[in-house]
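Enquirer: Structure provided below as structure tokens; questions to follow.
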Amino acid sequence: MWELRSASFWRAIFAEFFATLFYVFFGLGASLRWTPGPLHVLQVALAFGLALATLVQAVGHISGAHVNPAVTFAFLVGSQMSLLRAFCYMAAQLLGAVAGAAVLYSVTPPAVRGNLALNTLHPGVSVGQATTVEIFLTLQFVLCIFATYDERRNGRLGSVALAVGFSLTLGHLFGMYYTGAGMNPARSFAPAILTRNFTNHWVYWVGPIIGGGLGSLLYDFLLFPRLKSVSERLSILKGARPSDSNGQPEGTGEPVELKTQAL
């Protein structure tokens, strides 16, 4: 429980709340229909992608900029963070998403709000097909995050923030035609709770969580394995305090896995 006494831990929790609030506010805001006619998919995809890229640049060095319970779950599966930190991250993300959607709701004219960009299945798409799509969308997204955040990778080129933003944009360009491109349970939960519409809502939890978990297993155990023993993994999950090279506890209290570089 040393993390609860760490200032950097609480800064990271607030960063996740703050970042998810802004992500939902700008992403959902760009998805509202202000004029008659079809919604511009490219506009929505770029809005979500650029919002996330901006937030990775802004708070990535503080919390890792997960901004997504599925991403946090993926890091948990890979034994890259403690259970306590993962739980607090997810709670902060959900609260931040609801707060962002609530602010958007309050500043948007009633005629424009609609369903507040609620994720819905396209007519003709079954729940099984939708869940599969959400799995694949989140899988590619988590793989990109793990690859770009990996501190073991030498000679990384380009911007981590842009790589993650482009991956999210790609998911939206494809997924919006099927499911509205959830990829993030917090993003889907916020408009659902404000509009009190939970039709097929489980799809936007099950799909991303499975996709995130599979992405973590695929990257950390097959594509680029992390050589950690079972005891080391359990120690991380329990929240063991990181130590410096002399075996003494570090003063920052920030897990190494959340220190991203080249943001």
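Going by UniProt numbering, the first residue of the sequence shown is number 1, and it counts up by one from there. Here a beta-carbon is modelled for each residue, glycine too, at the ideal position from N, C-alpha and C. Values in this document were obtained by computation on a predicted structure and should not be read as measured data.
1. With a threshold of 8 Å on Cβ separation, who are the neighbours of F136 within its own chain once the five nearest residues in sequence on each side are excluded?
2. Tell me the rounded alpha-carbon separation between F22 and A97.
3. Please list the terminal residues of the continuous alpha helix (DSSP H) segment that includes Y177.
4. Going by C-alpha distance, which of S188, A19, G215 is nearest N115?
5. As a quick exercise: from R11, G128, L118, pick the residue whose alpha carbon is nearest that of R196.
6. Between which two residues does the alpha helix (DSSP H) containing V125 stretch?
7. Can you have a look at A70 and say buried or exposed, based on whether 16 or more other CB atoms are within 10 angstroms of its CB?
8. Apply the 10 Å Cβ neighbour rule to G37 and answer buried if 16 or more other Cβ atoms are within range, or exposed otherwise.
9. So, are the CB atoms of S63 and A15 less than 8 Å apart?
10. From A240, R5, F26, pick the residue whose C-alpha is nearest to that of A99; which is it?
11. Go to L83, then tell me how far its alpha helix (DSSP H) extends in each direction, as first and last residue.
12. Indicate the three-state DSSP secondary structure (helix, strand or coil) for G253 in the structure shown.
13. Find the nearest neighbour of R11 within the set A47, Q80, R85, judged by alpha-carbon distance.
14. Would residue 264 pass as a contact of P208 if the rule is Cβ separation under 8 Å?
15. Please classify Y124 as buried or exposed, where buried requires at least 16 neighbouring CB atoms within 10 angstroms.
Expert: Let me spell this out:
1. Only residues of its own chain outside the window of five on either side were considered, and among them G211 have a CB closer than 8 Å to the CB of F136, listed in chain order.
2. Rounded to the nearest angstrom, the two C-alpha atoms are 8 Å apart.
3. That residue, Y177, is in no alpha helix (DSSP H); it is neither H nor E in DSSP.
4. The residue with the shortest Cα to Cα distance from N115 is S188.
5. Cα-wise, what sits closest to R196 is L118.
6. Per DSSP, V125 belongs to no alpha helix (DSSP H) and is neither H nor E.
7. Counting Cβ neighbours within 10 Å, A70 comes out buried, since at least 16 surround it.
8. Per the 10 Å Cβ criterion, exposed.
9. The answer is yes: Cβ separation under 8 Å.
10. Residue F26 holds the alpha-carbon nearest to the alpha-carbon of A99 among A240, R5, F26.
11. Bounds of the alpha helix (DSSP H) holding L83 are 83–107.
12. The pLDDT assigned to G253 is 37, lower than 50, so where the model puts this residue is not dependable, and the model offers no usable value.
13. For the residues A47, Q80, R85, the minimum Cα distance to R11 belongs to R85.
14. A question about residue 264 goes unanswered here, because the residues of the chain that appear run from 1 up to 263.
15. For the sequence presented, residue 124 should be read as Gly rather than Tyr. The residue is exposed, with fewer than 16 neighbouring Cβ atoms inside 10 Å.
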